[in-house]
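In the numbering used here, the protein residues as written are 3 to 468.
First the structure, in the form of structure tokens, and then the observations on it.
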Ligand code: BG6
């Protein structure tokens, strides 16, 4: 029987935009599973805000709460606990009164329990609502701790953090007027994926690779994130984004930094050490320039224009670009980032291609972030027989075989637990966000003045054919 792990402090979680797509697909199911696993203290209070009148039962019917359950059927006890914790309030994010009412509600709760709760604000709202909400949270005093001044108040923000370098800098400056850096949790859910977390552990604890982790032994690195789905219903969002801003600026550059940052195996690693190593690395990535811009590939899937009802749209749904890192370890090793929607497969993986001598085959170390999570290494062996013939084969670690788990916690479960705990390791800092935008800024400027040379590709295409 699972017991409740009471190490998380009592908290009030406010989900702004509870009836939105992300909340229904990711946040609420993640909370359901955390409750089921005994990770959420029973005193936790969850308040969802919605502009419209939404009843709890109607919302719950609409949520894919138990998709991860083997039978897809919800556990009734968990469901009851969840419903007891959760209430939905009608809330107008531009009305200051509603923030003051929320504050009063907090005070009443804390009076009732005679204790201070941490406050966690999850902003699952469109990008342009982020800053106005944060400002009002600040002006109404909701950025502070509870009335007894002991709890913490924290902010969970979904990407994108800005739309380019200047808007990101502006956003960071505005938020910092009300929330300090240690109160802000910028979600990059790729960092919370089990296999992405394993990159660090793998690099640190497998000395066999330490001496090989540089330009002398590695010929190239490929970081790829392909999706079968298109933009789903996110027309407005995607028309302002495109693949570069949506995936490269955040997820792929974060993965790049995990793969290439300095790791000292002899040092214990605090969150701040990891962040400073990542930041150092990101500032060493050479920003895109004339040469690398010339080499990049951008594409758009065939039905995109129709889907967004914009025949002139130039938004890219596919991009492949090359980056280089200007430091002693990596200068000269090309790093390819590639991502696209509406392709023939859903995979995210990182290939480390090692140099080979006198043969065309190479050893490749692959981190399979998803699906079929695991790590494998391609080896070259001699085929049995009288003729010397080489064959590629694999040494394979798969989560499923080793840990006998067909599923592991969803990234959003990890995001929530870490934010409840106040552990910022898996979140992007403001400096990392700025450093990432700086790498891409020359391309955005170039695109402002020059039309994109889009390759139009058929839905379901294998990306190697783009
Ligand atoms: C999000 C992007 O951050 O990641 C989406 O905005 C994308 O466009 C999604 O579909 C992919 O996430 P995952 O976890 O399914 O690989």
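Glycine included, every Cβ here is placed at the ideal spot set by N, Cα and C.
This one's a predicted model, so the numbers in the text were calculated from it and none came from an experiment.
The DSSP-derived three-state label of residue 300 is strand. Using a cutoff of 7 Å, the CB of residue 94 does not count as near the ligand BG6, since none of the ligand's heavy atoms is closer than that. For residue 41, no alpha helix (DSSP H) encloses it, and the DSSP letter there is neither H nor E.
Residue 199 is bridged by DSSP to nothing; it lacks a bridge partner. In the structure shown, residue 385 adopts coil according to DSSP, grouped into three states. Given a length threshold of 4 residues, each whole run of the alpha helix (DSSP H) inside the segment 123-159 is given here in chain order: 129-141.
Taken through DSSP and simplified to helix, strand or coil, residue 24 comes out as helix. For residue 316, no alpha helix (DSSP H) run applies, since DSSP gives it neither H nor E. Two segments are said to touch when three or more pairs of C-beta atoms, one from each, lie closer than 8 Å; by this definition the segment 348-355 does not touch the segment 240-247.
Residue 418 holds the alpha-carbon nearest to the alpha-carbon of residue 122 among 437, 435, 454, 418.
Taken atom to atom, the span from the alpha-carbon of residue 18 to that of residue 133 is near 13 Å.
Looking at the DSSP output, residue 216 sits in no beta bridge, so it has no partner there.
By the 16-neighbour rule on beta-carbons within 10 angstroms, residue 256 is buried.
Bounds of the beta strand (DSSP E) holding residue 367 are 366-372.
Not one heavy atom of the ligand BG6 lies closer than 7 Å to the C-beta of residue 319. Ranked by Cα distance from residue 335, the options 262, 304, 131 are led by 262.
If you draw a straight line from the Cα of residue 199 to the Cα of residue 143, it is about 36 Å long. Straight through space, the alpha carbons of residue 452 and residue 414 are spaced by roughly 38 Å. Here residue 100 has 93, 94 as same chain residues with Cβ atoms under 7 Å from its own Cβ, once five neighbours each way along the sequence are excluded. Each of 78, 428, 39 was checked against the Cα of residue 275, and the nearest Cα belongs to 428.
Cβ atoms of residue 392 and residue 382 come within 8 Å of each other, at about 5 Å. Between residue 324 and residue 294, the C-beta gap is smaller than 8 Å, which places the two residues in contact. Taking one beta carbon from each stretch, the segment 155-168 and the segment 182-199 have 3 or more pairs nearer than 8 Å; the two touch. Between residue 365 and the set 219, 444, 437, the nearest pair of CA atoms involves 219.
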